[in-house]
Amino acid sequence: MKPRLFAAISAVGLLLLACTPERVEKTDLGVTVNLSPTTENSVRKVRLQVLGDRIIRVSATPDRKFAEDNSLITVPQKSPTEYAVTETDSTVSVITSSVTATVSLESGDVKFYDSYGKLIAAEADGGRSFSPIEVEGTKGYTVRQVFKSLNEEEGLYGLGQHQSDEFNYKGRNEELFQYNTKVSVPFIISTDNYGILWDSYSLCRFGNPEPYKQLGEVFRLYDKDGKEGALTGTYVPAKPEEETLIQREDSIYFEHLIRKELKHVVNLPQDFRYNGSHITYEGGIEPSESGEFKFNLYYSGYMSVYIDGKEVVPERWRTAWNPNSYKFSVELEKDRRVPIKIDWRPNGSVAYCGLRVYSPVGQDSQLDMSWWGEMQDQIDYYFIYGEDMDEVISGYRTLTGKAPIMAKWVLGYWQSREKYNTQKEVLSTLAEFRKRNIPIDNIVIDWLHWKQDAWGSHEFDRDRFPDPKGMVDTIHDMHGRVMISVWPKFYVTTDHYKEFDKNGWMYQLPVKDSIRDWVGPGYLGSFYDAYDPDARKLFWKQIEDHYVPLGMDAWWMDASEPNIRDCTDLQYRKDLITPTALGPSTKYFNAYGLMNAEAIYDGQRAINDNRVFLLTRSGFAGQQRYSTATWSGDIATRWEDMKAQISAGLNFASSGIPWWSMDIGGFCVEDRYVAAQKEYNKTGNENADLKEWRELNTRWYQFGAFAPLFRAHGQWPYREIFNIAPENHPAYKSVIYYTNLRYDLMPYLYSLAALTHFNDYTIMRPMVMDFTSDKTTLNIGDQYMFGPALLVAPVYTYGAKSREVYFPEGTDWYDFYTGKEINGGQTVNVAAPYERIPLFVRAGSIIPFGPALQWSDEKPADVINLYVYAGQNGEFMLYEDENVNYNYEDGRYAVIPLKWNDERQTLTIGERAGQFPGMLRNRRFNIIKVSKDHPVGYGRDNKGIEVAYNGSAKTIKL
């Protein structure tokens, strides 16, 4: 083979060596390699396109030409990138100053190298496949692309947010589709400093390309009497007088409702009362091979799983109407039968249960990165390289769109519940916060503020909300903001439905199948087709006509998966929303939330200069460009669910989308907590369950104060802290403390918000993002960095008074509350008293704290308490603008650079750059140094060295 040429070439697209036209074609952005297909569906063309110095698009097809470019994910790139093309006798390469992509002229496999010639990522030999698929007359391919594992210690993160509490996806499997508590984003980022953006909108699988198999397809099954062929299912009713049902079960697949009928669960006995019953599935499983078997448990109610006499899944719970999936693995030996038992206690009239499994896969194959897409025109992905993980995220946002700066009030506290049923409830709640001096910015009006039979009318029920405009004005007068719930759902009787329907913009099957919802007697409706650009304009126009004149500040885009009917199978879900304006839903299944967000963002930006804010239950790659945040759906009020939100939030952040939230306290409430609250309301007695409820909410609020959005929501019991616990209770005291601390941190938080736009920054950061070289951080998914300074370690175990925290090597740390120094490179069992979340500060940090606030812009930060944590050099950029509009896009903002020199023990407050209307020109900095010899915990009243600042640079010796 001829030597590969890595020298940088300045001419754009200069062809250095002659290429045979039949094999290699030069294009505007790179090269296309023409291959000799060995079969009808093997690859015929591979294309490399240079979209940036560190971004290469790879396309492959078995067709004679590539599909037209119509990506829903990416945005047009602004300027061409300089690159060179080189060829050897077996390869062709495109070379930028940062990365080289090389294609094999024989196989079409692609490899990626850095500027030093180090191999970064590589497609596996023969790792690309195409299978024809035709849906509703549209042809496409089911595709797979495998990348060879080059580093067993690599960490992989992203894929959106899922609920199995998995963090590092190296060697793991994840099915990518949208669901109430599951948000799928086809992007992965590696600790080897690259990312893969998989440009597909269909059902996808990361890892194993096959669906999970039924137990009987993988194991020989035996009932509890030893008879082969099935497990024993025992159904014990809640009432002793009712008959126990015993039957053989050849699979444990009770995961969705029967299509169209929608009253009974597939495969479950129909004449059995499930609520309060006790069901077991037991017997033996015998594998035909040895290895690690990967199980997927689907559950509602209370469920535990035992295999080989061991509890492999401790009790988990989910509400009956919103089941969850949980994954676990078990090592088993060939031909060795082991006992299995699934212990299930449903607590709903309809109940769901499933247990499916993957057979063992060879270690090498399991560690490879595999992408599978159900229906695509071709294989399309983007390779993004960076010097670190932040630079990879920046490349992702370069491709998919910049994140606008959120309005400052978005960073304040959000109070919500399901739901405020009257205007009086809304206003009295906000007034109570103001009366108690509890900081708050936002209150939320959830679904059914309309008349019961008028979903989609966008009109308030005037019996319960007599003066919507006056209500919003009163909220504004109390210095609050209001977010309104708007679904893409419309009852057939509404004028809005008819307006969509006459244009062919309403999904038809839900009406044809007479799918009625859960409200009152059950009403008939459907969802609009957000894939049609004119339908999106109409969706916004209806909002503009009805809600905008009331002065609404923010939009809650609920059920944007879209979720037409809970607990249906995936195929029926696809059938219910097809065809779309772009083609069959099989091809466009996952991108609905992105299209719906575009409708709101583009609509509002066209009519005013107020910053847009959307909260959406579903999300997809690129949504950050629409000023959209996602929350983790209707999760449960369980400790394991609280813990799962940590890894879920971190992986969502790693997916390149900076704004994420969760329902503090969980949404769906266990019956025992409801009963405990009722007893307390009646007797004033705090029983054991209420005690746990209050502690759960306390720990969750502590965690939530350090999420990008600080927001409480859920079903009854009410979630306002004054409804959770009385003022003298430690729960109340703790929540008030962290709410105040959140507002004290506003200068820090708002500066981070600006960084998400200008620097493509990530606020909620996995430890591995800042400490990639410290291999211990690869699998730490229960603590994280909040910005560059704060290490947050949520407590997620009931009754815990301590927890282990890993302090990465290469830096020292300080306890936030005491200022005590902690050396890096060690795991420490730290104190976690009821009222405090473990919180630490990285040495070299500079944290600006503002004045005490009741809302985010109550007063200017004319005095900044500037905490400087010595031990190494550090810097921070304090950002300010007008807080609520888009003038920053025109350069109307100001930044003040802050720099700490640890050797000289000096802090430099740099010259202010920029200006904007209303800018505070003079202020004071109260500088408090924290060091090993001078430990100082955070406090509003701490006194340090006070410095007057008028915009000119100053250096202060500390």
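Under our numbering, the residues of the sequence shown are numbered 10 to 967, in order. By construction, the Cβ of each residue, glycine as well, lies at the ideal position given by its N, Cα and C atoms.
| request: Spell out the partners DSSP gives W759 in its beta bridges. | output: For the record, residue 759 in the displayed sequence is Tyr; it is not Trp. For Y759, which the question treats as bridged, DSSP gives no partner whatsoever.
| query | By Cβ distance, which residues of its chain are closer than 6 Å to N968, with the 5 residues on each side in sequence left out? | reply | Outside the displayed span of the chain (10 to 967) sits residue 968, for which this structure offers no information.
| For C362: DSSP bridge partner residues | In the DSSP assignment, the residues bridged to C362 are F263 and Y308.
| said: Quick check on this structure: which residue in M561, D399, P775 and Y367 has the alpha carbon closest to the alpha carbon of E226? | reply: For E226, the nearest C-alpha among the options comes from Y367.
| Count the other CB atoms within 10 Å of the CB of D567; is the residue buried (16 or more) or exposed (fewer)? | With 16 or more other CB atoms across the displayed protein chains lying within 10 angstroms of its CB, D567 is buried.
| field | F392 versus P141 - alpha carbon distance | value | Distance between the alpha carbons of F392 and P141: 25 Å.
| message | On the criterion of 16 or more Cβ atoms from any shown chain inside 10 Å, does P30 qualify as buried, or is it exposed? | response | With a pLDDT of 44 at P30, under the threshold of 50, the modelled position of this residue cannot be trusted, and the question is left open.
| task | Would you give the residue range spanned by the beta strand (DSSP E) that V777 belongs to? | result | Per DSSP, V777 lies in no beta strand (DSSP E) segment; the continuous alpha helix (DSSP H) that holds it begins and ends at M776 to D779.
| said: So the candidates are L306, R32, C213 and D866; which of them puts its Cα closest to the Cα of W381? | reply: Between W381 and the set L306, R32, C213 and D866, the nearest pair of CA atoms involves C213.
| field | Run of the alpha helix (DSSP H) containing P296, from where it starts to where it stops | value | Element bounds for P296: not the alpha helix (DSSP H) but the beta strand (DSSP E), H287 to P296.
| query | How long is the line joining the alpha carbons of E9 and Y727, rounded to whole angstroms? | reply | Because the chain is modelled from 10 through 967, residue 9 falls outside the range shown and cannot be assessed.
| query | Is there contact between the region 759 to 771 and the region 661 to 680, where contact requires at least three CB pairs shorter than 8 Å? | reply | Segments in contact, yes.
| task | Mind listing, in chain order, the continuous beta strand (DSSP E) runs of no fewer than 3 residues lying wholly within the region 375 to 418? | result | Listed in chain order, the beta strand (DSSP E) runs fully inside the region 375 to 418 are 378 to 385 and 388 to 394, counting runs of at least 3 residues.
| task | Tell whether a beta-carbon distance below 9 Å holds between W725 and V678. | result | Yes, they are a contact pair.
| Apart from the five residues just before and just after G300, which ones in its own chain have a Cβ nearer than 6 Å to its Cβ? | Cβ within range, chain order: P369.
| request: Over the uninterrupted alpha helix (DSSP H) stretch that includes E607, give me the two end residues. | output: Secondary structure note for E607: its alpha helix (DSSP H) is the uninterrupted segment Y601 to R614.
| said: Just to confirm my understanding: we take I965, look at its own chain, exclude 5 residues before and 5 after, and list those with CB closer than 7 Å. What are they? | reply: If we look at I965 and ignore the five residues flanking it on each side, its Cβ neighbours are T915, L916, I936, I954 and V956.
| request: Could you check what DSSP says for Y978 in three-state terms: helix, strand or coil? | output: No information on residue 978 is available, as it lies outside the stretch 10 to 967 that the chain covers here.
| Reduced DSSP category for V528 - H, G, I as helix; E, B as strand; rest coil | Here V528 sits in coil by DSSP.
| field | L624 - partner residues in DSSP beta bridges | value | W565 and A638, per the DSSP bridge assignment.
| field | Within 9 Å, strictly: CB atoms of D389 and D208 | value | Cβ distance < 9 Å, so D389 and D208 count as in contact.
| request: Going by DSSP, name the residue or residues bridged to Q170. | output: For Q170, which the question treats as bridged, DSSP gives the partners V192.
| Alpha carbon to alpha carbon, what distance is there between V119 and S113? | Rounded to the nearest angstrom, the two C-alpha atoms are 7 Å apart.
| task | Starting from R354, follow the beta strand (DSSP E) in both directions and report where the run begins and ends. | result | Boundaries of the beta strand (DSSP E) around R354: V347 to R354.
| Residues of its chain near Q153, where Cβ-Cβ distance is below 6 Å and the 5 sequence neighbours each way are ignored | Here residue 153 is Arg; the residue named in the question, Gln, does not match the sequence. Answer for R153: S138, P218 and W381, listed in chain order.
| Assuming D522 and K272 make a contact with CB atoms under 8 Å, what is their CB distance in whole Å? | The pair is not a contact, with the Cβ atoms about 13 Å apart (cut-off 8 Å).
| task | State the CB to CB distance for the pair F661 and G723, rounded to an integer number of angstroms; the pair is presumed to be in contact (CB under 8 Å). | result | Contact annotation, F661 with G723: C-beta distance approximately 20 Å; criterion of less than 8 Å not satisfied.
| field | Segment limits, alpha helix (DSSP H) that includes R582 | value | R582 -> alpha helix (DSSP H) spans L579 to L585.
| Since R56 contacts P71 with CB under 8 Å, what's their CB separation in whole angstroms? | Contact check for R56 and P71: beta-carbon distance about 13 Å, past the 8 Å limit, so the pair fails to qualify.
| request: Give the DSSP-derived three-state secondary structure of P218 in the structure shown. | output: In the structure shown, P218 sits in coil (DSSP, three-state: anything other than H, G, I, E or B).
| DSSP bridge partner residues for Y367 (one or two, in chain order) | Y367 pairs with K303.
| said: What does DSSP give as the partner residue(s) for Q256 in the beta ladder? | reply: Beta-bridge pairing links Q256 to G242.
| request: Just list the beta strand (DSSP E) runs in the region 715 to 803, keeping only unbroken ones of 3 residues or longer that don't cross its boundaries, in chain order. | output: Listed in chain order, the complete beta strand (DSSP E) runs (minimum 3 residues) inside the region 715 to 803 are 719 to 721, 773 to 775, 793 to 795 and 799 to 801.
| field | Sequence-distant residues of its chain with Cβ nearer than 6 Å to M778 (five each side left out) | value | Within the same chain, M778 has close Cβ partners M398.
| said: Contact between the region 534 to 550 and the region 595 to 605 is defined here as three or more beta-carbon pairs at a separation below 8 Å; is this criterion met? | reply: Segment contact: the region 534 to 550 against the region 595 to 605, three or more CB-CB distances shorter than 8 Å; contact assigned.
| query | Assuming W909 and V872 make a contact with CB atoms under 8 Å, what is their CB distance in whole Å? | reply | Actually they are not in contact, since the Cβ atoms of W909 and V872 sit about 20 Å apart, beyond 8 Å.
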